[in-house]
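Heads up, the final residue of the sequence shown is numbered 123 in UniProt numbering, and it's a clean run with no missing numbers.
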Amino acid sequence: QPITQAFGEVGREVSAPLGPEFLNTFNLLNYGYDLRLAIMQMSERTPTVSMLAFSSAVLLQKETGGNLVENIEKLSHILRARFKLARKIKTISAESRMSAWVLVLAPFALYVIISLVRPEYIE
C-alpha cells in the first residue's frame with residue numbers, strides 16, 4: 001500500500017499522542033503536501049529519537065529506494081531493544097538509590113531503636 005495510506009492507518013490505530021500526528025501528516029499528504037516537508041514537520045512536532053529515526057528512514061528510502069518495510073522492521077527492533085535497555089538501566093539505578101537510602105537512614109534508625117530498648121547506652 002502507498003505510504004500515504006500507511007500514515008492514515010497508523011493514525012487510526014495508534015493512540016495519542018502519536019496517532020493524531022500520523023493522521024495530521026496523512027491529511028497533509030492527501031491535500032498534496034510534499035512528503036519530505038510533511039515528515040519533517042511531524043518530526044519537529046514530535047522531537048524524540050524514535051521519531052527522528054523513523055523520519056530519517058522514510059526520507060532516506062524515498063530518495064535512495066529500497067525496501068521501506070524491511071527498514072522499518074529493523075528500526076522497530078532497534079527501538080524496542082533501546083527501550084528495554086532503558087528500563088533495565090532504570091531498574092538497576094532504582095536498586096542503587098534504594099541501597100543508598102538504606103545506608104543513609106540505618107544509623108538514625110539504629111540510634112532510635114537503641115534509645116528505646118537500652119537508653120543507658122545512649123547516655
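By construction, the Cβ of each residue, glycine as well, lies at the ideal position given by its N, Cα and C atoms.
Predicted model, so just to flag it, every value in this text is computed and none were measured.
Counting pairs of beta carbons, one from the stretch 44–55 and one from the stretch 9–26, are three or more of them closer than 8 angstroms? yes
Could you give the residue range of the alpha helix (DSSP H) that holds Ser96? 68–117
From which residue to which residue does the alpha helix (DSSP H) around Pro47 run? Where Pro47 is concerned, there is no enclosing alpha helix (DSSP H), given that its DSSP letter is neither H nor E.
CB of Arg80 within 9 angstroms of CB of Val49, strictly: no
Consult DSSP for Ala16 and reduce its assignment to one of helix, strand or coil. coil
Specify the secondary structure class of Gly11 as computed by DSSP and reduced to three states. helix
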